[in-house]
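In the numbering used here, the protein residues as written are 100 to 475. Idealized CB from N, CA, C, for every residue including glycine.
Laid out in structure tokens, this is it:
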């Protein structure tokens, strides 16, 4: 363990907007672009294994929560679990794929929603791995004594990207369905999660000691894979939306829509697994010593690909120790690892000394992030 005091997760919270939305009810919230795209959506649902998800949108196209308000709800839940008061928080680190505003930073919006006294804030914006960027920031600040009560959150309001009006200028009834768009429309979900970190465990109940958090970006090897703000991720059409003559011109060119490139995504898997093997060696970590493995993935089929590669390397963690709730919550992006941890703490009989490994791969431009915890 690196120098500094030990740091403990004393509270884990989540917030999911509304009631779970079943597959057959999705169109009532995000609409239908065309009959052909809905047919492709049904095939995607069969592959991704998701049965329910949550939307901050209502069936009239309005919104019930903002991204920042969902984060604030999750933070209040985490503070309740930690038995701490909101005014005690002295550091806030937030993560999201896209905040409610272009400017200012997302942490400012969440701080405003919380309405708590002045404190240090940090905004992390990426895709899924920004969750552990926020946690690592909070962890290190507590570790060196800069913070006594830090909160890290992850939240997503993905459904606002998926209304048919978002695609109308370039993608209509006559258009051939675009798998880069459709996969995300039928996979992503809304929600938020949060952690409370302190320099000591709770007097009673479960706390989790943060042993290490490690990251690596491989953006030197890949173009963007999951992206928004450009018409394409390669070639002449990869200019950013702000370089068009106007935001309207970028929108009409299809440079605003959220997309995912599957060929690049599958090429990332061996890289992520290679980094996992590197960390096993660095920390002399035996996969058989891991009691709970919390891997983030966006589809059941991608989870199966992850298992296939781990078996080939001989570094597979016993499948019965995998904890993933994609089927029940959908892919909640930066919130997913927080929501998995909350469910683990609430529903599993954790015992002191048990070891938890969290894995958050990010397809944005290839990031891998790991966090190792010990139950105390």
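Span separating the alpha-carbon of residue i from that of residue j
i           : j           : result
residue 123 : residue 403 : 25 Å
residue 433 : residue 377 : 24 Å
residue 235 : residue 133 : 43 Å
residue 431 : residue 399 : 14 Å
residue 361 : residue 420 : 28 Å
residue 177 : residue 188 : 12 Å
residue 287 : residue 310 : 30 Å
residue 174 : residue 128 : 26 Å
residue 153 : residue 343 : 34 Å
residue 458 : residue 223 : 18 Å
residue 415 : residue 407 : 9 Å
residue 320 : residue 312 : 23 Å
residue 422 : residue 437 : 12 Å
residue 249 : residue 185 : 11 Å
residue 383 : residue 339 : 43 Å
residue 217 : residue 109 : 22 Å
residue 396 : residue 258 : 18 Å
residue 243 : residue 105 : 9 Å
residue 317 : residue 240 : 26 Å
residue 325 : residue 467 : 14 Å
residue 315 : residue 393 : 18 Å
residue 168 : residue 411 : 43 Å
residue 425 : residue 145 : 13 Å
residue 401 : residue 367 : 11 Å
residue 213 : residue 272 : 43 Å
residue 100 : residue 116 : Only weak support is given to the placement of residue 100: the predicted model assigns it a pLDDT of 46, under 50, and the value that follows is read from those uncertain coordinates. The straight-line gap from Cα to Cα measures roughly 38 Å.
residue 182 : residue 112 : 12 Å
residue 164 : residue 299 : 34 Å
residue 295 : residue 232 : 15 Å
residue 118 : residue 435 : 17 Å
residue 102 : residue 245 : 14 Å
residue 329 : residue 297 : 41 Å
DSSP three-state assignment for residue i, whether helix, strand or coil
i           : result
residue 269 : coil
residue 48  : Nothing in the structure corresponds to residue 48, since the chain is present only between 100 and 475.
residue 331 : coil
residue 194 : strand
residue 242 : helix
residue 316 : strand
residue 468 : strand
residue 120 : strand
residue 310 : strand
residue 223 : strand
residue 365 : helix
residue 158 : coil
residue 302 : coil
residue 436 : helix
residue 411 : helix
residue 211 : helix
residue 344 : coil
residue 103 : coil
residue 372 : helix
residue 352 : coil
residue 463 : coil
residue 204 : coil
residue 274 : coil
residue 140 : helix
residue 253 : strand
residue 170 : helix
residue 178 : helix
residue 128 : helix
residue 259 : helix
Whole-angstrom C-beta distance between residue j and residue i, which should lie under 8 Å
i           : j           : result
residue 114 : residue 253 : Between residue 253 and residue 114 the Cβ distance is about 11 Å, and since that is not below 8 Å, they are no contact.
residue 228 : residue 237 : Actually they are not in contact, since the Cβ atoms of residue 228 and residue 237 sit about 15 Å apart, beyond 8 Å.
residue 335 : residue 358 : Contact doesn't hold; Cβ gap of about 17 Å is too wide.
residue 193 : residue 226 : Contact doesn't hold; Cβ gap of about 14 Å is too wide.
residue 160 : residue 262 : 6 Å
residue 463 : residue 323 : 7 Å
residue 451 : residue 475 : 6 Å
residue 472 : residue 308 : 6 Å
residue 255 : residue 147 : Residue 255 to residue 147, Cβ: 16 Å. No contact.
residue 469 : residue 456 : 7 Å
residue 47  : residue 281 : Because residue 47 is not part of the residues shown, which for the chain are 100 to 475, the question remains open.
residue 210 : residue 190 : The Cβ separation is near 11 Å, so there is no contact.
Beta-bridge partners of residue i, as assigned by DSSP
i           : result
residue 430 : 287
residue 326 : 358
residue 108 : 296, 307
residue 457 : 393, 470
residue 152 : 120
residue 421 : 392
residue 113 : 292
* To do: Indicate whether the contact test is met: 3 or more Cβ pairs, each with one atom in the segment 439-452 and one in the segment 373-388, closer than 8 Å.
  => no
* To do: State whether the segment 267-278 contacts the segment 298-307, with contact taken as three or more CB pairs (one from each stretch) at a distance under 8 Å.
  => no
* Asked: Do the segment 196-206 and the segment 135-143 make contact, defined as three or more Cβ pairs closer than 8 Å?
  -> no
* Asked: Counting pairs of beta carbons, one from the segment 385-399 and one from the segment 345-353, are three or more of them closer than 8 Å?
  -> no
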